[in-house]
Every structure is written in C-alpha cells, then in structure tokens.
Amino acid sequence: MRRPLRDTLTIALPKGRILKEAAKLFRAAGVDFSEILSDERKLIFEDIADGLRFMVIRSQDVPTYVEYGAADMGIAGKDVLLEQAKDLYEPLDLNIGVCRMVVAEPRALGARDNPSRWTHIRVATKYPNITLKHFLNKGIQVEIIKLYGSIELAPLLGLSERIVDLVQTGETLKKNGLVEVEDVMGISSKLVCNRASLKTKPRRVKELVDSLGKALARMKR
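In short: position in the sequence shown from 1, add 2, done, that's my numbering.
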C-alpha cells in the first residue's frame, strides 16, 4: 500500500564510502536501498511500500538539503556539520565513516617540531572554520589557506608547512612524507533531521530513528 505523499520521508545520502556503510546499517534496520549501489548514476530511489525516498548527493550538500527541507533527514559527517554549522537536529550517531581529523606536517619538520611552542602557523585545509577555532582555542594565530582537494600537496610544494585533514589509516600521509603531530577530533557520521519535519512527521522520524538505534545496538554485540 502506497503511503500518502505527505507521509513520505526523503533521506539525503552522501556519495562514496559512507553510502556503502549506511546501506549495511539501514539493511539491518529493515530498510534496503542497495539498488542505489548497483547504479551510481541513479540519484533518487523510492521505496513506495515503506514511504521512503532516498537521494544521493555530495556529502557537503547533505546539511543544506536537510536544513531547507528538500530532504527530511540525512547522513552527514561530524566534520561537515561542524564546518557548516547548519540548524539541524542530530538524533543519532551512526558510528559509520569513522576517522580522525589531524594536524600533519612533513616528516623532516616533525622530527624537530614542538607543537607546544607554536605561536603563528600557516595551515592548508578543507575545514577553515574548524581549523580556526581549534588553533584560536589554543592561543595560536593561524593563517588558513582553503583548498578543495589533495591537501597533502600543500607542504610538498611550499604552500603551507602544515595541513589539517581527515585520516583513516594514515597511509596517504605516509606516502606523501607527512606525519601526524596533533589530533583535532574524532569523526563519525550522524543522522540529521530537518526541524520542521520533526513537527510535521514525528511518527515517521521516530520510527526510523528507533529502527536504526536498535540495529546499531545489535551490531555492537
């Protein structure tokens, strides 16, 4: 039986690795959108029986789609949420997309460097807001160069001595002659919700949050 359109939940999903992890978690919660994984060109998938619509977009765009109500809910990394500071409800940490945000620098510099003595540094990053807050809280003046990709190149080409970026295993840093010198924060992906949808579709939102919460509990056992 098809649900009324007003009762349909639209969920924004990020492309890439997190999408695959999310598919596994949602499947454990009784929701299967694995069809999306078999066709990367398909951007919208509808589960008519369960009244769900999934949209696949860039991870950085998820908070915007959810905040403005184009999606009722979504999955976004803590890094994206803190960087953008959108007005969203975060009911659940999904424990997927787990990684760390770190400060890194060339190995030769790291061998003689002492972060406790930093007073003014130049940093390249995709996360200028998080980076600025991190260093200002430590009383360090920071010049930030915003980049959109291949952050590891910045120290190699003299654009900056240090970077702030995400690492999972640290292999990319090692291959580019960089070493971690400071942790900024741990990162995982959160379930986020549009605040208006909390009021207009409270039962649907609660059902999904509860199902995912139970699936997470089972997977941790």
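Positions of the beta carbon are idealized from the N, C-alpha and C atoms, including for glycine.
For the set Ile132, Ser162, Lys192, Phe28, the Cα lying nearest the Cα of leucine 84 is the one of Ile132. About 6 Å separates the Cβ atoms of threonine 127 and isoleucine 146, confirming a contact at the 8 Å cut-off. For phenylalanine 35, no alpha helix (DSSP H) segment is defined, and its DSSP state is neither H nor E.
Setting aside the 5 residues that flank it on each side, arginine 60 is surrounded in the same chain by Pro16, Lys17, each with a C-beta closer than 8 Å to its C-beta; the list follows chain order. Looking at the backbone, the Cα of arginine 55 and that of valine 181 are separated by about 42 Å. Look at the beta carbons and you see the stretch 19-38 not touching the stretch 62-73: under three pairs across the two are nearer than 8 Å. Within the same chain, and ignoring the five residues on either side of isoleucine 46 in sequence, the residues whose Cβ sits closer than 6 Å to its Cβ are Met57. Boundaries of the alpha helix (DSSP H) around aspartate 212: 204-222. When the five nearest sequence neighbours on each side are left out, the beta carbons in the same chain lying within less than 7 Å of the beta carbon of leucine 161 are those of Ala126, Ile147, in order along the chain. Here aspartate 52 has Val33 as same chain residues with Cβ atoms under 7 Å from its own Cβ, once five neighbours each way along the sequence are excluded. Serine 199 counts as buried, since no fewer than 16 other beta carbons sit within 10 angstroms of its beta carbon. Per the coordinates, the alpha-carbon of proline 130 lies some 18 Å from the alpha-carbon of threonine 121. Unbroken beta strand (DSSP E) runs of no fewer than 3 residues, entirely contained in the stretch 97-121, are found at 101-108, following chain order. The beta-carbon distance between leucine 27 and alanine 219, rounded to whole angstroms, is 12 Å. This is too long to meet the 8 Å contact definition. With respect to glutamate 154, asparagine 178 sits close: the two C-beta atoms are nearer than 8 Å.
Taking every protein chain shown into account, the CB of arginine 206 has 16 or more other CB atoms within 10 angstroms, so this residue is buried.
DSSP assignment within the stretch 134-211 yields the following whole beta strand (DSSP E) runs of 3 residues or more, N-terminal first: 143-148, 164-169, 180-189, 191-195. Residue pairing for threonine 127: DSSP places it in a beta bridge opposite Lys148, Val166.
Here tyrosine 91 carries a strand assignment [DSSP, helix/strand/coil]. Of all C-beta pairs linking the stretch 185-201 to the stretch 100-114, three or more are shorter than 8 Å, placing the two stretches in contact. DSSP places aspartate 63 in the helix class (H, G or I) of the three-state scheme. By the CB criterion at 8 Å, isoleucine 123 and valine 104 fall outside the cutoff.
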